[in-house]
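J.: Handing you this structure, nothing more for now.
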Amino acid sequence: MNNRLIAIIRSGLMTLFLSLLTALPAFSFAGSGMATEPSALDGELLILNVSVRQRNGDILQVPIFSEKYADLPLAVVDGEPIVLADVTRELAAMHSGREETGTPVAQKLDSLLDRLVAIKLIRLESYNIGFDRTPDVRKQLDNFALKAMVQGLLAREVAEVRVSEEEVDELYREMAVEVQLLTYSFKSESDAEALLAAVEKGSDFKEAGAAAVADGKAAGGGEGKFSRLNDLFPEIARAAYDMSTGEVSKIFKADQDFLVFQLLERRVYDDPAVRQEAASRLVQKRSREVQYEYLEALIDKHAKVDEEVEQALDFATILAANPGMRGSELFPKLSRDKRTLATVGSGADQVQISVAQIADKIKASMYHGLEREMEVELLVKEKEKALWNTLVAEAGRIEARREGIDQTPEFKSKMTRFEEEVLFDTFMSKAVVPGITIPEEEARAYYQEHRAEYTSPLMLKLKSLVFNDSGAAQDAVAKLQAGSDFNWVSANVENLADGDQPGILKFDGVLLAAGSLPDTLHHDLEGAQVGDVHFYAGEQGLYYALQVETAFPSVTKPYEDVRQEVGRIVYAQKINEALEEWVAKLKEAYETEIFLVRNN
Numbered sequence: 233m234n235n236r237l238i239a240i241i242r243s244g245l246m247t248l249f250l251s252l253l254t255a256l257p258a259f260s261f262a263g264s265g266m267a268t269e270p271s272a273l274d275g276e277l278l279i280l281n282v283s284v285r286q287r288n289g290d291i292l293q294v295p296i297f298s299e300k301y302a303d304l305p306l307a308v309v310d311g312e313p314i315v316l317a318d319v320t321r322e323l324a325a326m327h328s329g330r331e332e333t334g335t336p337v338a339q340k341l342d343s344l345l346d347r348l349v350a351i352k353l354i355r356l357e358s359y360n361i362g363f364d365r366t367p368d369v370r371k372q373l374d375n376f377a378l379k380a381m382v383q384g385l386l387a388r389e390v391a392e393v394r395v396s397e398e399e400v401d402e403l404y405r406e407m408a409v410e411v412q413l414l415t416y417s418f419k420s421e422s423d424a425e426a427l428l429a430a431v432e433k434g435s436d437f438k439e440a441g442a443a444a445v446a447d448g449k450a451a452g453g454g455e456g457k458f459s460r461l462n463d464l465f466p467e468i469a470r471a472a473y474d475m476s477t478g479e480v481s482k483i484f485k486a487d488q489d490f491l492v493f494q495l496l497e498r499r500v501y502d503d504p505a506v507r508q509e510a511a512s513r514l515v516q517k518r519s520r521e522v523q524y525e526y527l528e529a530l531i532d533k534h535a536k537v538d539e540e541v542e543q544a545l546d547f548a549t550i551l552a553a554n555p556g557m558r559g560s561e562l563f564p565k566l567s568r569d570k571r572t573l574a575t576v577g578s579g580a581d582q583v584q585i586s587v588a589q590i591a592d593k594i595k596a597s598m599y600h601g602l603e604r605e606m607e608v609e610l611l612v613k614e615k616e617k618a619l620w621n622t623l624v625a626e627a628g629r630i631e632a633r634r635e636g637i638d639q640t641p642e643f644k645s646k647m648t649r650f651e652e653e654v655l656f657d658t659f660m661s662k663a664v665v666p667g668i669t670i671p672e673e674e675a676r677a678y679y680q681e682h683r684a685e686y687t688s689p690l691m692l693k694l695k696s697l698v699f700n701d702s703g704a705a706q707d708a709v710a711k712l713q714a715g716s717d718f719n720w721v722s723a724n725v726e727n728l729a730d731g732d733q734p735g736i737l738k739f740d741g742v743l744l745a746a747g748s749l750p751d752t753l754h755h756d757l758e759g760a761q762v763g764d765v766h767f768y769a770g771e772q773g774l775y776y777a778l779q780v781e782t783a784f785p786s787v788t789k790p791y792e793d794v795r796q797e798v799g800r801i802v803y804a805q806k807i808n809e810a811l812e813e814w815v816a817k818l819k820e821a822y823e824t825e826i827f828l829v830r831n832n
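Listed below in structure tokens is the structure:
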């Protein structure tokens, strides 16, 4: 492979197959490995049992993450089982994605099983309709299969990647750095420059800085605490990392101040999380190197580029001979060039890649259009990228099939799940969604039923006097209602509660939603206006005299302002209703049995 291509590979421009680099497990010195236990899940998940009906009528209690019962059918759709492991995999993914809704786990299991049943039914009906044979679906499946096969090859290559404790320790010592800085801040940049000038002439930094503080020109000084580089401004952190002990920095702008500092001490702190990050970075780096080398070897093994034909894509020469050439002038000719640029594989596996194929890929990458002057650097980069991706794709496909990657259970499982997703989306867009409309009266009806959701709450700011005696509080309320000034009443009442007394409610100076107040008080304050006075008997023997200082009344948004939002909600509801109708019909067409005992 030519050095130019290798350089481009190393620069990270091969974007398509960068996405194929396998997700790496957590680092361990004994070797990499992926956790299989749902240790991140909460205790409720780990101890929950589900009830599963057997064909003989018996009810079996099964722990949801039981390996023993992983293949136990919870449902069967047209003879195809949905097993416990299928449902718990979805449940684990939901929790790892932090999709927490407060729904009990048992209900989540029910809904997840319903979703998987619906997906199976829709896949069967999609087969019956022929959606799986449409060009768009076939293209998606082929692309996914290619990526999954190459990922399988790459996963094998990185399975034995290791890094030593010494390597981790070296990187850790570079990452886990904290520094002690002597810092002075100035409002005037010229004063900061004067400090640096004095230091350059031989003055001691600390003494010169202290003099500036004494003159009122600077703030700071003293030996500050150690700070981790990650906690400093990036520019300051980078400078401090490269400085020697005792060295003085340049001037840095921070908000409205100008900072100058001296590095007093540097040290490595102890943090297992940072050490783990260092290990992970090294594994990632080593794995990428291994994968790049492997992909390059695959190209060398299976592909041969015709360098003479490749001259047709020598854009430097083409544009030098045609200054100002536009894409609309360049690509039509290249797209007609059917000569073989590269041959991948041999015999029945052989694939020929033409100049036209690569040219069309380059053209597709010209997002800014073809009616502009072409740039040599951009064309060269896109050409190498397109050629690299194509060679890796074809060589990877050949190698994966020879290695039997496409016959492994892992690959087949991935393909099944992806096919189900694609067919589900296709079925929704072609069979469920078409014809769904939203009559205006239905949208208005939804709005009327949910007006509260489009209504801003009553917002209040209250002044309060808190008492330990009900009579004293009521007396204060009577005085306020009679027109007495709040501050005068506050200064002339007795039995006021201590402001730090446990259970006391803080109202003063805070704008509160009326709905956030205790229920009784919320009810009393409905429709409150500025100046209104209320008595409230609270908990723990506390009584309140309250006066409304500010009130923002509740306002309902008019239908016209929320019409689009309401329309989207009603539309989604109609889609769900239509999907439920389809699933009910498909259950009649394809025999469906549910063995999970419902919790309702």
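Residue numbers (the numbering used here): 233 to 832. C-beta: ideal position from N, C-alpha, C; glycine also.
Within 10 Å of its beta-carbon, does Tyr359 have 16 or more other beta-carbons around it, so buried, or fewer, so exposed?
T.: The residue in question, Tyr359, is exposed, as its Cβ has fewer than 16 Cβ neighbours within 10 Å.
J.: Tell me the DSSP secondary structure of Val725 in three-state form.
T.: Here Val725 sits in coil by DSSP.
J.: Mapping DSSP to helix, strand and coil, what is Pro305?
T.: Pro305 falls in the strand class under three-state DSSP.
J.: Comparing C-alpha positions only, which one of Gln383, Lys433, Arg470 sits nearest to Glu406?
T.: Out of Gln383, Lys433, Arg470, Arg470 has the C-alpha closest to the C-alpha of Glu406.
J.: Quick check on the burial criterion: 16 or more other C-beta atoms within 10 angstroms. Buried or exposed for Arg330?
T.: Below a pLDDT of 50, predicted positions are generally treated as unreliable, and Arg330, at 47, falls in that range; the measurement from the model is reported next regardless. Exposed: under 16 other Cβ atoms inside 10 Å.
J.: Out of Leu551, Ser298, Thr640, Lys595, point me to the one whose CA is closest to Gly388's CA.
T.: Correcting the residue type first, residue 388 is Arg in the shown sequence and not Gly. The option with the nearest alpha carbon to Arg388 is Thr640.
J.: The alpha helix (DSSP H) that contains Ile314, what's its start and end?
T.: Element bounds for Ile314: not the alpha helix (DSSP H) but the beta strand (DSSP E), 312 to 315.
J.: So, with DSSP's three-state summary, where would you put His534?
T.: Looking at His534 - three-state DSSP - the assignment turns out to be helix.
J.: Have a look at Glu497 and Ile468 and give me their C-alpha separation to the nearest angstrom.
T.: Glu497 and Ile468: Cα-Cα distance of roughly 15 Å.
J.: Specify, as a first and last residue, the run of the alpha helix (DSSP H) that Ala596 falls within.
T.: It spans 587 to 596 - the alpha helix (DSSP H) in which Ala596 sits, taken as one unbroken run.
J.: In chain order, what residues of the same chain lie with their CB nearer than 6 Å to the CB of Glu357, ignoring the 5 residues before and after it?
T.: Counting only Cβ-Cβ distances below 6 Å, and skipping sequence neighbours, we find Leu818.
J.: How long is the line joining the alpha carbons of Ala202 and Gln680, rounded to whole angstroms?
T.: Given that the chain is displayed from residue 233 to residue 832, the structure contains no residue 202 and the question cannot be resolved.
J.: In chain order, which alpha helix (DSSP H) runs of at least 4 residues are fully inside the region 434 to 500?
T.: As far as the region 434 to 500 is concerned, its whole alpha helix (DSSP H) runs of at least 4 residues are 437 to 446, 466 to 474.
J.: How far does the alpha helix (DSSP H) with Phe739 in it reach, from first residue to last?
T.: That residue, Phe739, is in no alpha helix (DSSP H); it is neither H nor E in DSSP.
J.: May I ask which residues mark the beginning and end of the alpha helix (DSSP H) holding Pro295?
T.: It is not in any alpha helix (DSSP H) - Pro295 instead sits in the beta strand (DSSP E) that spans 291 to 295.
J.: What is the DSSP secondary structure of Val698, reduced to helix, strand or coil?
T.: Correct three-state label for Val698: strand.
J.: Can you tell me whether DSSP reads Ala408 as helix, strand or coil?
T.: Residue state, collapsed to three classes: coil.
J.: Apply the 10 Å Cβ neighbour rule to Glu651 and answer buried if 16 or more other Cβ atoms are within range, or exposed otherwise.
T.: Buried.
J.: Is the region 760 to 778 close to the region 736 to 748, with three or more CB pairs under 8 Å?
T.: Flag = yes, the region 760 to 778 and the region 736 to 748 touch.
J.: Taking 6 Å as the limit between beta carbons, can you name the residues of its chain near Arg571, skipping five residues before and five after?
T.: So the qualifying residues of the chain are Val541, Val587.
J.: State the DSSP-derived secondary structure class of Met606, mapped to helix, strand or coil.
T.: Note: Met606 maps to coil in three-state DSSP.
J.: Is there contact between the region 422 to 437 and the region 482 to 495, where contact requires at least three CB pairs shorter than 8 Å?
T.: A contact exists between the region 422 to 437 and the region 482 to 495.
J.: In angstroms, rounded to a whole number, what distance separates the CA positions of Ala675 and Ala350?
T.: Spanning the two alpha carbons is a distance of roughly 28 Å.
J.: Ala262: buried (16+ other C-beta within 10 angstroms of its C-beta) or exposed?
T.: Note that Ala262 has pLDDT 28, beneath the 50 cutoff, so the model's placement of it is unreliable and no number is given.
J.: In whole angstroms, what is the alpha-carbon distance linking Gln713 and Leu344?
T.: Using only the alpha carbons, I get a separation of about 59 Å.
J.: Give the DSSP bridge partners of Ile550, in chain order.
T.: None; Ile550 has no bridge partner.
J.: Looking at Phe376: is its Cβ nearer than 7 Å to the Cβ of Thr658?
T.: No, Cβ-Cβ distance for Phe376 and Thr658 is not below 7 Å.
J.: What's the C-alpha gap between Ala529 and Lys613?
T.: When rounded, the distance between both Cα atoms is 21 Å.
J.: Near Gly556, which residues of its chain fall below 6 Å by C-beta distance, leaving aside the five closest residues on each side in sequence?
T.: Glu605.
J.: Run through DSSP, which three-state label would Lys371 get?
T.: In this structure, Lys371 counts as helix in the three-state DSSP scheme.
J.: Hey, how far is the Cα of Gly667 from the Cα of Val393?
T.: Computed Cα separation, rounded: 54 Å.
J.: Suppose contacts are defined by Cβ-Cβ distances below 7 Å. Is Phe699 in contact with Asn727 by that definition?
T.: Yes.
J.: My guess is that Phe563 and Val608 are in contact by the Cβ rule of under 8 Å, so how many angstroms apart are they, rounded?
T.: Actually they do not touch by this definition, with Cβ atoms about 15 Å apart.
J.: Leaving out five residues on either side along the sequence, give the residues of the same chain with a beta carbon under 8 Å from the beta carbon of Glu820.
T.: Counting only Cβ-Cβ distances below 8 Å, and skipping sequence neighbours, we find nothing.
J.: For Ala714, which three-state DSSP category applies?
T.: Of the three classes helix, strand and coil, the one that applies to Ala714 here is coil, per DSSP.
J.: Mind reading off the beta-carbon distance from Leu697 to Ala746? Whole number of angstroms is fine, and I expect it under 8 Å.
T.: Their Cβ separation, rounded to whole angstroms, is 20 Å, which puts Leu697 and Ala746 out of contact at 8 Å.
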